[in-house]
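Novice:
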Amino acid sequence: MHRAWSTYLDPQQQQALLNQQQTLGRPAVPAPGPGQQSMDYEYNSRRASSIASAAGQSTYSQAASTRHLVTDMSTPLDPPNVPFGASPRNSQLSLTPRDGSPLLARPDSTPVSLSVNYLPSKFSTALVTPGVGRRRRPNKDGGNMPKRGGGREAFKSGEARMPGEGDDDYDGINSGWFGGKEGGGAKPRMRWTRFKWIIFFSTIILTMYTLCALVFCLLTWFDVWTHADVVRVGNRTELILSTFAASLGVVVALIGWAGILLNNRSFLAVYSFMLWMVFILLLHTFNLEGKINSQWSRALGADGRLRIQNQLECCGYFSPFVEATVSQTCYARTILPGCKQVYLEFERNVLQHWYVVAFALVPIHIFCMVSALLCSNHVTYRFGKGMMPKAYRLSMNSMAVIMDNYANQLAEQYGTDVASEVMARSRSQINLDAMPTMPYQTGGHQYTDSKYGSLRDRAPEGQ
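The structure is reproduced here in structure tokens:
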């Protein structure tokens with residue numbers, strides 16, 4: 001669509017057109033003055049860069065060129081002036097489509113993205129410049145290359161938002177096995193976001209206290225602590241739950257480390273969810289007073305009572321004559337006291353320390369959960385998956401508005417007859433049915449069924 005203007009921007013094409021007019025005996029178009037030439041050259045330079053950027057990003061850049069449409073026309077066309085520079089009315093028309101256009105008769109109020117009109121301000125023109133190297137590397141001529149989009153600079157004001165193909169790889173997705181770029185090269189400087197530092201420190205805290213809890217539980221199972229056998233017998237369920245919670249915490253911490261180091265947001269999502277499971281196990285409370293009597297008479301059994309009697313140096317529950325297990329130190333005439341008081345004091349002491357440690361970890365674990373929820377999607381400076389937002393994608397509705405603006409500009413510059421001829425030849429050369437389309441859905445409206453379908457379905461003139 002935009003390539004038709006390149007004919008007027010090429011000085012060689014203009015000179016060839018003037019020579020052809022002189023050969024045919026037609027009056028040549030007077031050459032502009034020096035001031036007009038400089039003004040036209042500046043405008044043409046800006047227009048050429050805008051066309052190059054739009055052609056590099058447009059979905060329809062593979063369409064056939066329309067340059068021959070103008071050169072084949074019988075009516076000579078004057079080179080366009082600086083468009084709409086002198087008249088505010090024309091400037092308003094170039095930015096705002098006409099309301100009477102049939103292509104703009106919209107049945108709904110769905111906004112249309114015209115992002116292709118300001119592509120040069122969002123996407124760097126270096127994307128279509130040949131021989132572009134990495135950013136901030138001077139080219140062969142000694143000049144500095146313009147900035148590309150993306151990276152951590154994308155969060156600054158006035159910066160391009162989308163990265164280029166050869167842009168700095170801040171996300172690490174194209175890194176080699178040892179952290180460098182693919183195909184060799186120096187290792188890039190590490191740049192972490194503030195959110196990544198927060199989740200990094202929270203994962204360190206989670207790893208430390210879950211490892212300490214797991215080591216404590218394992219030493220209890222291995223009977224390393226004093227009276228650890230009493231805990232294994234009397235608090236077996238609680239010890240199993242604590243060991244499982246500590247083990248799960250270590251596994252969750254490993255998942256978090258994988259997500260942080262690999263910048264994998266899927267791992268971090270699982271990490272955030274599993275932190276809640278660890279939190280539920282951490283808040284599991286134990287009922288001591290209501291279980292001591294039932295535990296001694298029903299749950300422990302003869303072997304369990306014998307192990308507690310040997311560890312706490314007691315005999316029986318109230319006395320040697322009440323639910324006692326006979327051993328070398330526990331018999332009818334022993335001087336050892338009953339186990340209820342000693343066992344109850346031991347359980348209170350152990351579970352008190354257990355509660356203090358468990359509930360002291362609650363605020364720390366809540367900090368880890370909040371950090372994971374808020375920071376897991378911001379471990380890199382890339383927004384989402386790095387895809388073009390739907391609001392900025394070039395749809396068929398946007399193409400209809402752009403084509404209508406293009407037709408209006410042709411009509412204002414050269415008349416309706418020339419504009420109709422150019423648009424008719426454009427339809428005959430551009431095969432819209434063979435072009436790929438993306439059926440994006442926005443509020444139940446499919447962009448492929450748009451007003452531009454009238455241009456696509458319309459048969460070319462002369463066929």
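Under full-length UniProt numbering, the residue at position 187 of the sequence shown is numbered 187, and the numbers go up by one with no gaps.
The beta carbon of each residue, even a glycine, is placed where N, CA and C say it ideally should be.
If you're wondering where the values come from, they're calculated on a predicted model, not measured in any experiment.
1) Which residue's Cα is closest to the Cα of Tyr209: Val270, Gln309, Val357 and Gln311?
2) Who are the Cβ neighbours of Leu200 in its own chain at under 7 Å, not counting the five residues just before and after it?
3) Comparing alpha-carbon positions, which option in Phe321, Asn235, Leu248 and Trp296 lies nearest Phe273?
4) Need the endpoints of the alpha helix (DSSP H) that Ala400 sits in, please.
5) Is the distance from the Cβ of Tyr271 to the Cβ of Ser376 below 8 Å?
6) Using a Cβ-Cβ cut-off of 8 Å (strictly less than) and excluding sequence neighbours within five positions of Val251, which residues of its own chain qualify?
7) According to DSSP, is Pro337 helix, strand or coil?
8) Below 8 Å, can you find three or more Cβ-Cβ pairs linking the segment 334–341 to the segment 307–321?
9) Touch check for the segment 321–329 and the segment 210–220: three-plus C-beta pairs under 8 Å?
10) Would the segment 347–361 count as touching the segment 223–241 if we require 3 or more Cβ pairs under 8 Å?
11) Is the separation between the beta-carbon of Val370 and that of Lys196 shorter than 8 Å?
12) To the nearest angstrom, how far is the alpha carbon of Val401 from that of Leu262?
13) I need the straight-line Cα distance from Ser420 to Leu373, nearest angstrom please.
14) How should Asp404 be labelled, buried or exposed, when 16 other C-beta atoms within 10 angstroms of its C-beta is the threshold for buried?
15) With a threshold of 7 Å on Cβ separation, who are the neighbours of Ala253 within its own chain once the five nearest residues in sequence on each side are excluded?
16) Spatial neighbours of Phe318 within its chain, please: CB distance less than 8 Å, with the 5 preceding and 5 following residues excluded, ordered by chain position.
17) Please check the pair Phe244 and Ile255, which I expect to be a contact at CB under 8 Å, by giving their CB distance rounded to whole angstroms.
18) Looking only at its own chain, which residues have a Cβ that is under 7 Å from the Cβ of Ala407, when we skip the five neighbours before and after it?
19) Smallest Cα separation from Ile364: which of Val278, Glu412 and Leu300?
20) With C-beta atoms as the reference, is Val233 less than 8 Å away from Leu300?
21) Quick check: what's the CA-CA separation for Ala228 versus Trp192?
22) Just to confirm my understanding: we take Cys217, look at its own chain, exclude 5 residues before and 5 after, and list those with CB closer than 6 Å. What are they?
23) Within the continuous alpha helix (DSSP H) that includes Lys196, where are the two ends?
24) Please report the straight-line C-alpha distance between Phe359 and Cys330, rounded to a whole angstrom.
25) Identify the continuous alpha helix (DSSP H) that holds Gln295 and give its terminal residues.
26) Let me know the secondary structure DSSP gives Gly249 once reduced to three states.
27) Express the C-alpha separation of Lys390 and Met396 in angstroms, rounding to a whole number.
28) Taking its Cβ as the centre, do 16 or more other Cβ atoms sit within 10 Å of Arg194, making it buried, or is it exposed?
29) Give me the Cα-Cα distance between Ala332 and Gln309, rounded to the nearest whole angstrom.
30) For Arg298, count neighbouring C-beta atoms within 10 Å of its own C-beta (all shown protein chains included) and say buried if the count is 16 or more, exposed if not.
31) Which of the three DSSP states is assigned to His227 in this structure?
32) Less than 8 Å between the CB atoms is what I'm expecting for Arg305 and Trp296, so what's the real figure, rounded?
33) Among the candidates Arg265, Trp276, Tyr414 and Ser426, whose CA atom is the shortest distance from the CA of Cys368?
34) Leaving out five residues on either side along the sequence, give the residues of the same chain with a beta carbon under 8 Å from the beta carbon of Tyr343.
35) Excluding the five sequence neighbours on either side, which residues of its own chain have a C-beta within less than 8 Å of the C-beta of Arg265, listed in chain order?
Specialist: With the structure as the only source:
1) Across the set Val270, Gln309, Val357 and Gln311, the C-alpha of Val357 shows the shortest separation from the C-alpha of Tyr209.
2) The question names Leu, but residue 200 is Phe in the sequence shown. If we look at Phe200 and ignore the five residues flanking it on each side, its Cβ neighbours are Ile260.
3) Leu248
4) Met396 to Tyr414
5) yes
6) Met274
7) In the structure shown, Pro337 sits in coil (DSSP, three-state: anything other than H, G, I, E or B).
8) The segment 334–341 vs the segment 307–321: in contact.
9) no
10) yes
11) no
12) 43 Å
13) 57 Å
14) Under this definition Asp404 is a buried residue.
15) Thr203, Leu206, Thr207 and Thr210
16) Gly338 and Lys340
17) Not confirmed; about 16 Å, so no contact.
18) Ala419 and Met423
19) Val278
20) yes
21) Ala228 and Trp192: Cα-Cα distance of roughly 45 Å.
22) Ser242, Thr243 and Ala246
23) Arg194 to Trp221
24) 39 Å
25) It is not in any alpha helix (DSSP H) - Gln295 carries neither H nor E in the DSSP assignment.
26) Correct three-state label for Gly249: helix.
27) 13 Å
28) exposed
29) Those two C-alpha atoms are separated by around 14 Å.
30) exposed
31) coil
32) 7 Å
33) Trp276
34) Val230, Gly234, Ile292, Trp296, Ile308, Leu312 and Cys314
35) Gly259, Ser376, Asn377 and Val379
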